[in-house]
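Right, one structure below, let's go through it.
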Ligand code: GRF
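Residue numbers (this note's numbering): -10 to 200.
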């Protein structure tokens, strides 16, 4: 049974990644700068070739990487690795596989999607594909979404969501850069809110206690 995080104690975080690890870089930078009061206890990757694995090693975090193709088996291996570190929260940081969370972790697994869920999300919407679809559609705003993870890609209760503008002349790369800058602020904010015990999940609604 997962313990409830102890108020006032540092939140322990496990990070799951598949790619470049830019999100990990951001967390690491924020922690080092004293702006994010959490502790990264373990990293797991869905590819042994992921650049993020190298970064994690370089930063000195315990790392596990697997090239297992079955999502269920990959999740099992990842959980076997991270659970002994007793993470309070599991954070998907550019993790490209379907993740089956350990029992009792519902409400303690987060993902970030580089668009305003439920738009431009779901299977096939990842990386630059998202931003290309955004530009092609002619929408005037996009943004990013931090949400709790459910068994379906990019679904689950929406925790935080913010917008950035899109102009007719923007390239997908322009939009990607703008959105990622926002992600670098919003994901640490989500962790800080959880660490402060200010988040309540009820059905598909996420309540954030005002202070
Ligand atoms: C971000 O766009 C995020 O929204 C998505 O993965 C990207 C980050 O991956 N979930 P990485 O940290 O660059 O590997």
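All C-beta atoms, glycine included, are put in the ideal place defined by N, C-alpha and C.
- Taking 8 Å as the cut-off, the Cβ atoms of residue 128 and residue 155 count as close.
- In the structure shown, residue 66 adopts helical secondary structure according to DSSP, grouped into three states.
- For residue 166 against residue 134, the beta-carbon gap comes to about 18 Å, at or over 8 Å, which does not count as contact.
- Spatial neighbours of residue 48 in its own chain (CB-CB distance under 7 Å, excluding positions within 5 residues in sequence) are listed in chain order as 17.
- By the Cβ rule, the stretch 86 to 96 does not count as touching the stretch 113 to 122, because fewer than three pairs are nearer than 8 Å.
- As a beta-bridge residue in DSSP terms, residue 150 pairs with 134.
- For residue 10, the closest of 50, 0, 124, 125 by C-alpha to C-alpha distance is 50.
- C-alpha of residue 190 to C-alpha of residue 79: approximately 16 Å in a straight line.
- Residue side-chain check: residue 149 keeps its Cβ at 7 Å or more from all non-hydrogen atoms of ligand 1.
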